[in-house]
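One structure is given below, encoded as structure tokens.
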Amino acid sequence: MSIDVKVPQLPESVADATLISWHKKPGDSVQRDENLVDLETDKVVLEVPAPQSGVLKEILIEDGATVTSGEVLAILEEGEVAAAPGPEQKESVQEEASDSQDRLSPSVRRLLEEHSLDAKDLAGTGRDGRISKSDVLDHLAKKDAKPASTPAKASTPQVSSGSREERRVPMTRLRTKVAERLVNAQQTAAMLTTFNEVDLTAVKALRAQYKESFDKAHGVKLGFMSFFVKAASEALKRYPAVNAFIDDNDIVYHDYADIGIAVSTERGLLVPILRDADQMQFADVEKGINDFATRARAGEIALEELTGGTFTITNGGVFGSLISTPILNPPQTAILGMHKIQDRPIAMNGEVVIRPMMYLAISYDHRLIDGKEAVQFLVAIKEYLEDPARLLLQI
Numbered sequence: 238m239s240i241d242v243k244v245p246q247l248p249e250s251v252a253d254a255t256l257i258s259w260h261k262k263p264g265d266s267v268q269r270d271e272n273l274v275d276l277e278t279d280k281v282v283l284e285v286p287a288p289q290s291g292v293l294k295e296i297l298i299e300d301g302a303t304v305t306s307g308e309v310l311a312i313l314e315e316g317e318v319a320a321a322p323g324p325e326q327k328e329s330v331q332e333e334a335s336d337s338q339d340r341l342s343p344s345v346r347r348l349l350e351e352h353s354l355d356a357k358d359l360a361g362t363g364r365d366g367r368i369s370k371s372d373v374l375d376h377l378a379k380k381d382a383k384p385a386s387t388p389a390k391a392s393t394p395q396v397s398s399g400s401r402e403e404r405r406v407p408m409t410r411l412r413t414k415v416a417e418r419l420v421n422a423q424q425t426a427a428m429l430t431t432f433n434e435v436d437l438t439a440v441k442a443l444r445a446q447y448k449e450s451f452d453k454a455h456g457v458k459l460g461f462m463s464f465f466v467k468a469a470s471e472a473l474k475r476y477p478a479v480n481a482f483i484d485d486n487d488i489v490y491h492d493y494a495d496i497g498i499a500v501s502t503e504r505g506l507l508v509p510i511l512r513d514a515d516q517m518q519f520a521d522v523e524k525g526i527n528d529f530a531t532r533a534r535a536g537e538i539a540l541e542e543l544t545g546g547t548f549t550i551t552n553g554g555v556f557g558s559l560i561s562t563p564i565l566n567p568p569q570t571a572i573l574g575m576h577k578i579q580d581r582p583i584a585m586n587g588e589v590v591i592r593p594m595m596y597l598a599i600s601y602d603h604r605l606i607d608g609k610e611a612v613q614f615l616v617a618i619k620e621y622l623e624d625p626a627r628l629l630l631q632i
């Protein structure tokens, strides 16, 4: 019996997807739930599993094509799983390798293909021995480091630094969508940015004092992001317009704070959402951020984790940015930009002292948020961070 392999139902916010690559060829045997093909949407990579065991009879849609929900990708012939051609042990080894390959995330699989690597040559450090993206990158780093220690191999062809070659690479759907949204934000919002600076002496002292006991108690390190998330959550309660958005002629206010945390990946920028961040404890925030960062870079973030945020925080400081003007994440009306922590001389009580300072930026939609509110919101965050006890007392 023939079975259609179809594009799964895509969420309402996703109109279509791009077929990245098939993992089977016509005539190949497949097992039920074995991954057949990867689809890339505007936000995540989806895997399409085999609905039944059988033989892949025909592929109807080739790599690079745009597909929609319910579209037939291939035809599967049920119940014709090819038997092993002989009693050799090689067949079982190949099946194990295939099964191991199917357990890889799409981003890991693409890395292996790009660098002609075999998954069997890598040791996985993930759950159940799964190979993660960091495992592949570590393997490549060690591989690249070997020629440096053996001068005899220095004759390996290298691309000249004066090369004038050009390469044309299609943008991923994610990067294309991000580009569209950023341009749209600048064209449709009356965007303005205001700045302030914060002295992080108290936060750094608090982290230094409690980082070991915090790690032992909660199994996660105490970072800076949890302080900023909690400070923003409290400031949003005081200035609800910063946590709202415009819908036609209406203003939609939120009595909760779903804060998006911008994460940079190879495919582009992802903004997974910390739901009810205002109700979270510091440890919950740190665990959530660490989990998002790991899964985002491995391509394992679910689509529903990227939708519905009310406010966004982006941290360019991890890349060394000293100051920037972040762009809104529509339909949100404000975004907080963190930057590099740098020791700078400041005047305090009539004396010049050295303090760990950070420039803060908030970009906002002036149609909804007045300059006064934006400045006061940023000042509130500054006050919470310079005196973290305010976060505990909620004052």
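Residue numbers for the sequence shown follow the working numbering, beginning at 238 and rising by one. Note that the Cβ used here is the ideal one computed from N, Cα and C, for glycine as well. Keep in mind the model is a prediction, meaning the values are calculated, not measured.
Indicate the three-state DSSP secondary structure (helix, strand or coil) for residue i in the structure shown.
i: Asp602; result: strand
i: Asp372; result: helix
i: Asp487; result: strand
i: Pro286; result: strand
i: Lys458; result: coil
i: Pro245; result: coil
i: Ile564; result: coil
i: Gln579; result: strand
i: Ser558; result: coil
i: Pro593; result: strand
i: Val440; result: helix
i: Ala360; result: coil
i: Glu610; result: helix
i: Glu434; result: strand
i: Asn586; result: coil
i: Ile526; result: helix
Is the distance from the Cβ of residue i to the Cβ of residue j below 9 angstroms?
i: Leu459; j: Phe465; result: no
i: Glu271; j: Ala478; result: no
i: Ser558; j: His576; result: yes
i: Gly307; j: Val244; result: yes
i: Glu623; j: Asp436; result: yes
i: Ala469; j: Leu629; result: no
i: Val373; j: Leu411; result: no
i: Ile298; j: Leu310; result: yes
i: Ala499; j: Leu507; result: yes
i: Asn566; j: Ala472; result: no
i: Val242; j: Leu276; result: no
i: Ala535; j: Val415; result: no
i: Phe461; j: Ile578; result: yes
i: Ala494; j: Ala514; result: yes
Using the beta-carbon count (16 or more within 10 Å), is residue i buried or exposed?
i: Arg401; result: exposed
i: Ile583; result: exposed
i: Arg604; result: exposed
i: His260; result: buried
i: Thr549; result: buried
i: Glu523; result: buried
i: Tyr596; result: buried
i: Asp602; result: buried
i: Lys467; result: buried
i: Asn586; result: exposed
i: Asp487; result: exposed
i: Ile654; result: The shown model of the chain, from 238 to 632, leaves out residue 654, and the question about it has no answer.
i: Glu417; result: exposed
i: Pro509; result: buried
i: Ser392; result: Here the model assigns Ser392 a pLDDT of 47, short of 50, so the residue's position is not dependable, and the following value carries that caveat. Label assigned to Ser392: exposed.
When you compare only the Cα positions, how much space is there between residue i and residue j?
i: Val590; j: Ala571; result: 33 angstroms
i: Thr409; j: Phe556; result: 22 angstroms
i: Gly525; j: Ser463; result: 10 angstroms
i: Thr547; j: Arg504; result: 24 angstroms
i: Glu449; j: Gly301; result: 49 angstroms
i: Thr551; j: Lys294; result: 47 angstroms
i: Ser239; j: Lys453; result: 56 angstroms
i: Pro608; j: Ala426; result: Per the sequence shown, the amino acid found at residue 608 is Gly instead of Pro. Looking at the two C-alpha atoms, the distance is approximately 15 angstroms.
i: Tyr490; j: Pro263; result: 53 angstroms
i: Asp265; j: Gly291; result: 9 angstroms
i: Ala617; j: Thr544; result: 27 angstroms
i: Glu434; j: Arg592; result: 11 angstroms
i: Ser501; j: Gln631; result: 32 angstroms
i: Glu350; j: Ala360; result: 17 angstroms
i: Val612; j: Gln424; result: 23 angstroms
i: Arg444; j: Ile257; result: 44 angstroms
Is residue i close to chain D, meaning its C-beta is less than 9 angstroms from at least one C-beta of that chain?
i: Ala520; result: Of the protein chains in this structure there is only one, and it is not chain D.
In this structure, what does DSSP give as the bridge partners for residue i?
i: Gly291; result: Val267 and Glu315
i: Val274; result: Trp259 and Val285
i: Ile296; result: Ala311
i: Ser239; result: Glu314
i: Val304; result: Ala254
i: Leu543; result: BP columns for Leu543 are empty, so no partner.
i: Val500; result: Leu507
i: Glu620; result: Bridge partners of Glu620: none, in fact.
i: Ala494; result: According to DSSP, which records beta bridges pairwise, Ala494 is partnered with nothing at all.
i: Ala445; result: Its beta-bridge partners do not exist; DSSP assigns none.
Comparing the CB of residue i with every heavy atom of the ligand ATP, is any distance shorter than 8 angstroms?
i: Phe464; result: Of ligands this structure carries none, so the ligand ATP is not represented either.
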